[in-house]
Amino acid sequence: MDRDKLLSVKELTKVFRVGSLLFKKDLIAVNKVSFDIDKKEIFTLAGESGSGKSTFARMLLGLIKPTYGTILYKGIDITRIKSAKERLWFTKEVQPIFQDPFETFSPLNKVETYLYDTAINYGIAKSREDVYKIVEEKLNAVGLSLGEIQGRYPHELSGGQLQRVSIARALITEASLLVADEPVSMIDASLRMSIVNLFKELKEKFGLSVLYITHDLATAYYISDRIGVMLRGSIVELGPVEKVLSEPLHPYTQILKQSVPDPNPERQWEEDIQLSSFDIREFTITGCKFSSRCPSVMDICKEKEPNNISINGRVVKCHLYI
Ligand SMILES: Nc1ncnc2c1ncn2[C@@H]1O[C@H](COP(=O)(O)OP(=O)(O)OP(=O)(O)O)[C@@H](O)[C@H]1O
Ligand SMILES: [Mg+2]
């Protein structure tokens, strides 16, 4: 099957220098991560706390510089963007959806101002009438209307409504890729599904792609096309979401198997499926980062980092499959 690539990340790596003055060490937060996102695809990055998901997203959004690797977006290496014109183009194309919608909006401004400014500053609206027309149209696409938000400040809207407004903003710039880092974790549980469903709807309607970052495998299973499971900076398994979560190959993903959601979406919110936090000793492990926790550990796992192995359209980083 021909893939229509939107984003292509190769060997993306971020090393942080951490520790006190005398005791400095390198922390590899993201370790040679490579994958593509297609046009009209929802790709999930899942993994326990500290596995490097947000660091990856911040590199992708140009908020921090990679230590190594390339990020090609529509064929352009965005780690090398220098001109203001190209930067503006990129910020239009790739829009973030943050975890806490209340931090995204200034408490001093009416929410609608944010949308009007986006339409004007990005040169989308050509006239005053245009501004209102575009804002109304995009709000409608996320299940809101201008009447509902007009005159209101962020604290006068719910977290779910504000998150919809953030998504409407991305639609105003006609973004092709949304980078959504835990976009529903701070939203009332009863509203989460409707927000993640919106991603799916917008994918179908506008051909949008989404990098969806989450701890929550239930929503990942329900909305994504493919998933990459991150462990200590590396993707240890990558492939179509149904395959990875229902017949996992990597022992780490297998441990997550019991948390694969019920296909009935109503049931998915009964329990909050969370990945555990990593073991701090894993920083110093030389071979596979999962070896200290792995039920199938072999001698080689403690000595050598496994390579990526391709198996039936899936990639798994594990010595069991060599
Ligand atoms: N600016 C920084 N300086 C030093 N270390 C950092 C920095 N940002 C992140 N880290 C470290 O990099 C690792 C990956 O962090 P990151 O925030 O990317 O994880 P995450 O997968 O998003 O976790 P969570 O699920 O808790 O959001 C962690 O060990 C973190 O402490
Ligand atoms: Mg994070």
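With this note's numbering applied, the sequence shown closes on residue 1651, and no number is skipped along the way.
The beta-carbon is built from N, C-alpha and C at its ideal position, and this holds for glycine as well.
Predicted model only: the values in this text are computed from it and were never measured.
Next item on the list: Please confirm whether V1508 and L1389 have their CB atoms less than 8 Å apart.
Entry: It is a contact, given that the beta carbons lie within the stated cut-off.
Next item on the list: Please state if the CB of L1560 and the CB of S1380 are separated by a distance shorter than 8 Å.
Entry: Taking a C-beta distance under 8 Å as the contact criterion, S1380 and L1560 qualify as a contact pair.
Next item on the list: Would you please state the rounded distance, in angstroms, between the beta carbons of N1438 and S1563? I believe it to be under 8 Å.
Entry: Not quite, the Cβ-Cβ distance comes to about 41 Å (not below 8 Å), so this is no contact.
Check: Residue range of the alpha helix (DSSP H) that M1559 falls in?
Finding: Taken as a continuous stretch (DSSP letters only), M1559 belongs to no alpha helix (DSSP H), being part of the beta strand (DSSP E) at R1555 to L1560.
Check: Out of curiosity, what's the CA-to-CA distance linking V1570 and L1417?
Finding: The straight-line gap from Cα to Cα measures roughly 33 Å.
Note to self: Looking at the secondary structure, which residues open and close the alpha helix (DSSP H) in which F1528 lies?
What the structure shows: F1528 -> alpha helix (DSSP H) spans A1518 to F1535.
Checklist line | Spatial distance of N1637 from S1620 (CA atoms) | finding: Computed Cα separation, rounded: 16 Å.
Notebook entry, point to check: Straight-line CA distance for L1444 to K1339?
Noted result: Their backbone Cα atoms lie some 34 Å apart in a straight line.
Notebook entry, point to check: From the DSSP output, which residues share a beta bridge with K1334?
Noted result: Bridge partners of K1334: D1367.
Margin query: Does the contact criterion of 3 or more C-beta pairs under 8 Å hold for the region 1506-1523 versus the region 1444-1461?
Written below: No, the region 1506-1523 does not touch the region 1444-1461.
Notebook entry, point to check: Around the C-beta of H1544, are 16 or more other C-beta atoms found within 10 angstroms, so that it is buried, or is it exposed?
Noted result: Buried, because 16 or more other Cβ atoms sit within 10 Å of the Cβ of H1544.
Check: Around the Cβ of T1615, are there at least 16 other Cβ atoms within 10 angstroms (buried) or fewer (exposed)?
Finding: By the neighbour-count criterion, in which 16 or more other beta carbons inside 10 Å mark a residue as buried, T1615 falls on the exposed side.
Margin query: With a threshold of 8 Å on Cβ separation, who are the neighbours of K1532 within its own chain once the five nearest residues in sequence on each side are excluded?
Written below: Excluding positions up to five away in sequence, the list reads K1369, E1370, I1371, S1538 and V1539.
Next item on the list: Ignore the nearest five residues each way along the sequence and tell me which others in L1374's own chain have a CB closer than 7 Å to its CB.
Entry: Annotation for L1374: K1382, F1385, L1540, I1542, G1557 and M1559 place their beta carbon closer than 7 Å to its own, counting only its chain and skipping 5 residues before and after.
Margin query: Contact between the region 1396-1414 and the region 1473-1483 is defined here as three or more beta-carbon pairs at a separation below 8 Å; is this criterion met?
Written below: With a cut-off of 8 Å, the region 1473-1483 and the region 1396-1414 do not count as touching, because too few Cβ pairs lie within range.
Note to self: Does the region 1416-1430 come into contact with the region 1498-1507, if we say contact requires no fewer than three beta-carbon pairs (one atom in each stretch) closer than 8 Å?
What the structure shows: Yes: at least three Cβ pairs fall under 8 Å.
Check: Going by the C-beta, is K1455 closer than 7 Å to any heavy atom of ligand 1?
Finding: No.
Notebook entry, point to check: Is P1430 closer than 8 Å to S1495 when the C-beta atoms are compared?
Noted result: A Cβ-Cβ contact shorter than 8 Å links S1495 with P1430.
Next item on the list: Would you kindly report the start and end of the unbroken beta strand (DSSP E) that includes V1573?
Entry: Run containing V1573: none in the beta strand (DSSP E); it sits in the alpha helix (DSSP H), V1570 to S1575.
Check: Can you name the residues that DSSP bridges to L1507?
Finding: Paired residues: Q1424 and V1539.
Next item on the list: Compare the beta carbon distance of P1577 and C1623 with 8 Å and say whether it is the shorter of the two.
Entry: Contact annotation: P1577 and C1623 have beta-carbon atoms that are not nearer than 8 Å.
Note to self: Are there any heavy atoms of ligand 1 lying less than 7 Å away from the beta-carbon of H1484, as far as the coordinates show?
What the structure shows: It does not: the Cβ of H1484 is nowhere closer than 7 Å to a heavy atom of ligand 1.
Checklist line | Secondary structure of Y1461, DSSP reduced to three states | finding: It is helical.
Notebook entry, point to check: Which residues are close to ligand 2, meaning CB closer than 7 Å to any heavy atom, in chain order?
Noted result: In chain order, the residues with a C-beta atom nearer than 7 Å to some heavy atom of ligand 2 are K1382, S1383, D1510, E1511 and I1542.
Item checked: I1638, DSSP secondary structure in three states -> DSSP places I1638 in the strand class (E or B) of the three-state scheme.
Notebook entry, point to check: If we ignore side chains and look at the alpha-carbon of each, how far apart do R1555 and A1549 end up?
Noted result: One alpha carbon belongs to R1555, the other to A1549, and they sit about 9 Å apart.
Note to self: Taking DSSP's pairing of strands, which residues face S1495 in a bridge?
What the structure shows: S1495 has no beta-bridge partner at all, per DSSP.
Checklist line | Range of the contiguous beta strand (DSSP E) that encloses R1643 | finding: R1643 -> beta strand (DSSP E) spans R1643 to V1645.
Item checked: Bridge-paired residues (DSSP) for T1373 -> DSSP, once it has assigned bridges, lists Y1541 and I1556 as partnering T1373.
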